[in-house]
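First residue of the sequence shown? That's 12 in my numbering, and the numbers climb one at a time after it.
Here is the structure we will look at, set down as structure tokens.
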Amino acid sequence: MLDYLGDLRRTQMCGALRASDAGKKAVLMGWVNRRRDHGNLLFIDLRDRTGVTQVVLNAERDAAIHEKAGTLRNEYVIAVTGTVKLREANTVNANMPTGEVELVAEELRILNESKLPPFLPSDTALTNEETRLKYRYIDLRRDVMQFNIETRHKVAKAIRDYLSAQGFFEIETPFMTRSTPEGARDYLVPSRVQPGTFYALPQSPQMFKQILMISGFDKYFQIVRCFRDEDLRADRQPEFTQIDLEMSYPQPERVWEVVEGFLTAAFAAAGSAIKTPFPRMDYDEAIRLYGIDKPDLRLPAFTDVRECFSPENLQQLAVTTNLPMVAIRIPKVGDLSRAERDSIKPMLVAKGGAKVFEDFKRIEKNFPDAAVKISAKSAAEAGDLIVIVAGSAQTGEQTALPPHRKVTPSELAIYASAGILRLALAQKYGDRHGLFKKSGDPAKDFRFVWVTNFPMFEWDEGEKSWMAAHHPFTSPHEEDMKLLETGVDSVNDPQSSLSAVRALAYDVVLNGTELGSGSIRIHRQDVQSRIFRALGMTDEEARDRFGFFLEALEYGTPPHGGIALGLDRIVMILTGAESLREVIPFPKTARAVDLMVDAPTPVGEKQLRELGIAVKKA
Ligand code: ASP
């Protein structure tokens, strides 16, 4: 039954035939997407990665070929030679690019048969994800997946082309290396040659790219796999791809310009013209206006409404005057039912004594002056939902305002509570305000923003110590250096001046999603050592973990800085996909399992012995 390809050459792709090809000979190869049997007429939808063409087999023209076609089943691989013909006017299919033509078969070769797959690429209803991942090769045949992977290719290529044209070199860095401090757990690779020792897969090429600056490659990039062993949240993958970049002598603005350039190229490759430069916002401002360091600019910012109330009003509301009082506005929500209104309070994730006033009608009734001022200040229109978040009067004394910082930890708690509620309400009423729907206007659909001047350190409540908010190679602001050493205990004191140190760090954010983070780096060994000390590392510990790096810093390190952006996430946004797994050809599940190859697996005794490893029975 199977025929060999033999002398046949493919002359056309299935998705490429058009009316102008009518009368021409064509050879198409691909999969049987669907077969329709109309007695003497048999129709095959033949599919390859470019699309589908209808093939006609007519028993009256050629009984043998018609009969052979009768044996075809879904997903058989065939070659058809024939003549392209215009379809009858009443059978033209305007919904498909090849819908004006069909191929009248003159020769049919069956190149391979197929078992009946567990689901068909042509199915309109999606099968469950586990089956899709187990039979990923079938799943990838679906046109949506082909589109996603094609977009991924185009985006990566546009980025490579853009950066190459700007003088960047793509340079590879090792996968078998040692731990990098990105804050996640490492994947380890045991060494056979040196039993008991391990390589770590890189969480990022951070130290290597910095060493490339020390090595004189002043513009580096790499589209590179990174590995982080984290408890997987919905939108994480244990291995993911970064657009990693580093350059010598840049001001932050230079890095931003390069990123804006390659994102423009990437979005253009996917059909969207975005505008640069992106707006820029201080971390403190992002917190004050949006309650989060990755603001979604598609929704209105908070309005500070404390001044709209008189001191007596605030007392009546049992609200502290020391903490922020902000109005969240969600446009066009319309009247809420009692149940809908009651559901708002439980949505508040209250931090630091935050409380919510969800019934604006009651504010209007009890504090009419304040309500008028709030509506005006927040530019509310009829039908907009207004919810107010404030600090309860019972909240204790707030911490002193550290120098340079505009937002104190107690204020942050209120803003953050409001920020979470703002997003939850916006999600819930998405259908009503419609701001998350694509409008076709890239200026509205893609709201980029640079968030800058992040705090250098973050207090880790669990560990009771300060951690690097970005990573420990990030440079603090020159003027904040003096805050680094404030006595031996600063490391374990949440109130220490470390809280006020700002970093030369920046994030690029799109529609409330962090696309990437970067920073200007420390290029002096003495400063690097001070940061390690501030993080509670002794000089010995620092030498032990990063000795090679500290040493390299002593050999003429140019000032440098860079960034890394998540490629998977960018492609996900550009394709409108629902999860990262839709844009990664062979992804892992939320439990870090590859269902197709069935990894991870136990390994044999012999292999373990060679590695000097014993596995404890659970
Ligand atoms: N290595 C950092 C990260 O992976 C990015 C950077 O600082 O360039 O998040």
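Just so it is clear, CB atoms sit at the ideal spot from N, CA and C, and this is done for glycine as well.
| Check | Outcome |
| --- | --- |
| C-alpha gap between H77 and L144, whole angstroms | 36 Å |
| Three-way DSSP call (helix, strand, coil) for C237 in this model | strand |
| contact_flag[the segment 468 to 481, the segment 371 to 378] where n(CB pairs < 8 Å) is 3 or more | no |
| Euclidean distance between Cα positions of A437 and A276 | 31 Å |
| Closest residue to V538 among L495, F557, F447 (Cα-Cα distance) | L495 |
| Segment contact, 8 Å Cβ cut-off, at least three pairs: the segment 191 to 201 with the segment 212 to 221 | yes |
| Rounded C-alpha distance that separates V235 from L432 | 36 Å |
| Distance between beta carbons of R120 and D14, contact taken as under 8 Å | 4 Å |
| F273 versus V520 - alpha carbon distance | 15 Å |
| With 16 other Cβ atoms within 10 Å as the buried cut-off, status of N522 | buried |
| C-beta atoms of L53 and L68 nearer than 9 Å | yes |
| The beta strand (DSSP E) enclosing A176, as first and last residue numbers | Premise fails: A176 lies in the alpha helix (DSSP H), 154 to 176, not in any beta strand (DSSP E). |
| Beta-carbon proximity of F180 to F232, cut-off 9 Å | yes |
| CB-CB length for I397 against R340, believed under 8 Å | 6 Å |
| Rounded straight-line distance, which links the Cα of T586 to that of K376 | 47 Å |
| Any non-hydrogen atom of the ligand ASP within 8 Å of H571 CB | no |
| Whole-angstrom distance between E124 and T92, CA atom to CA atom | 18 Å |
| 9 Å Cβ cutoff met for V400 and F468 | no |
| Selection from P263, V614, I533, W477 that minimises the alpha carbon distance to S508 | W477 |
| Candidates I225, S421, E140: closest to L591 by CA position | E140 |
| In DSSP terms, what P487 is bridged to | A514 |
| Contacts around N159, its chain only, beta-carbon distance under 8 Å, and the 5 residues preceding and following it disregarded | V582, T586, A588, E593, V594 |
| Anticipated Cβ contact below 8 Å, H444 with K343, distance rounded | 5 Å |
| Simplified DSSP state of F209, which is helix, strand or coil | strand |
| Assigned secondary structure, R60 (DSSP; H/G/I helix, E/B strand, else coil) | coil |
| Where the alpha helix (DSSP H) containing K36 begins and where it ends | No alpha helix (DSSP H) contains K36, which is instead part of the beta strand (DSSP E) from 36 to 49. |
| Selected residue, minimal CA-CA separation from L576, among E113, R620, D605, W461 | W461 |
| 6 Å CB neighbourhood of R239 in its chain, flanking five on each side removed | A195, Q214 |
| DSSP bridge partner residues for F465 (one or two, in chain order) | For F465, which the question treats as bridged, DSSP gives no partner whatsoever. |
| Reduced DSSP category for T102 - H, G, I as helix; E, B as strand; rest coil | helix |
| Inter-residue spacing [alpha-carbon to alpha-carbon] between I89 and D150 | 20 Å |
| Through-space distance from L97 to V112, alpha-carbon basis | 4 Å |
| From A284, A480, G527, E525, residue whose alpha carbon lies closest to that of A545 | A480 |
| For R299 and D315, the rounded distance between their alpha carbons | 9 Å |
| Where H164 falls, given that 16 or more other Cβ within 10 Å makes a residue buried | exposed |
| Own chain residues within Cβ distance below 8 Å of D73, not counting five before or after | A116, E117 |
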